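Visitor: Numbering (UniProt numbering), first residue to last: 1 to 117.
Backbone N, C-alpha and C fix where the C-beta goes; we use that ideal spot for every residue, glycine too.
Given the structure is predicted, the values throughout are model-derived calculations rather than measurements.
My questions will all concern the structure given below.
Following this line, the structure appears as structure tokens:
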């Protein structure tokens with residue numbers, strides 16, 4: 001069981017690039033877990049806490065509504081902002097330069113061994 005968390009500081013990164021990098025890291029963790037189950041091995045899965053910032057971007061979570069974004073395409077272009085619909089919970093969120101965002105990628109099996117549903 002690995003409780004070590006690797007800190008990564010990505011600096012200012014485009015939102016889509018950061019998303020793709022997180023997806024790649026997450027896939028790597030899932031691959032290790034899959035290999036452990038298939039091969040009856042116990043390789044440690046890594047845990048990450050990633051800090052970054054993004055150029056102007058609005059993200060819309062699963063429970064949000066697009067009409068909550070008070071900018072049309074022209075308004076986004078004028079502000080040099082991007083807009084993404086993403087698969088997280090929540091509503092609309094703004095991220096911009098100077099705002100530090102933390103993204104944890106944790107294998108909860110490393111921290112909790114008795115979870116009840």
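Using a Cβ distance threshold of 8 Å, determine whether the region 58-65 contacts the region 89-96, with at least three qualifying pairs required.
Guide: Yes, since at least three Cβ pairs between the region 58-65 and the region 89-96 fall closer than 8 Å, the two stretches touch.
Visitor: When you compare only the Cα positions, how much space is there between residue 43 and residue 21?
Guide: Whole-angstrom Cα-Cα distance: 22 Å.
Visitor: Restricting to Cα atoms, I'd like to know which of 114, 112, 102, 70 is closest to residue 6.
Guide: Of the listed residues, the one whose Cα sits closest to residue 6 is 102.
Visitor: Distance, Cα to Cα, residue 32 vs residue 70?
Guide: C-alpha separation (whole angstroms): 42 Å.
Visitor: Please report the residue range of the beta strand (DSSP E) in which residue 11 lies.
Guide: Counting along the chain, the beta strand (DSSP E) containing residue 11 begins and ends at 6-12.
Visitor: Indicate whether residue 51 and residue 105 have their beta-carbon atoms separated by less than 8 Å.
Guide: No, these two residues do not count as a Cβ contact at 8 Å.
Visitor: At which residues does the beta strand (DSSP E) containing residue 95 begin and terminate?
Guide: Unbroken beta strand (DSSP E) run through residue 95: 92-95.
Visitor: Using the beta-carbon count (16 or more within 10 Å), is residue 28 buried or exposed?
Guide: By the 10 Å Cβ count, residue 28 comes out exposed.
Visitor: Grab me the residues of residue 45's own chain with a C-beta within less than 7 Å of its C-beta, minus the 5 sequence neighbours each way, in chain order.
Guide: Counting only Cβ-Cβ distances below 7 Å, and skipping sequence neighbours, we find 2, 29, 32, 33, 107, 110.
Visitor: Measure the Cβ-Cβ separation of residue 13 and residue 54 and say whether it is below 8 Å.
Guide: The answer is yes: Cβ separation under 8 Å.
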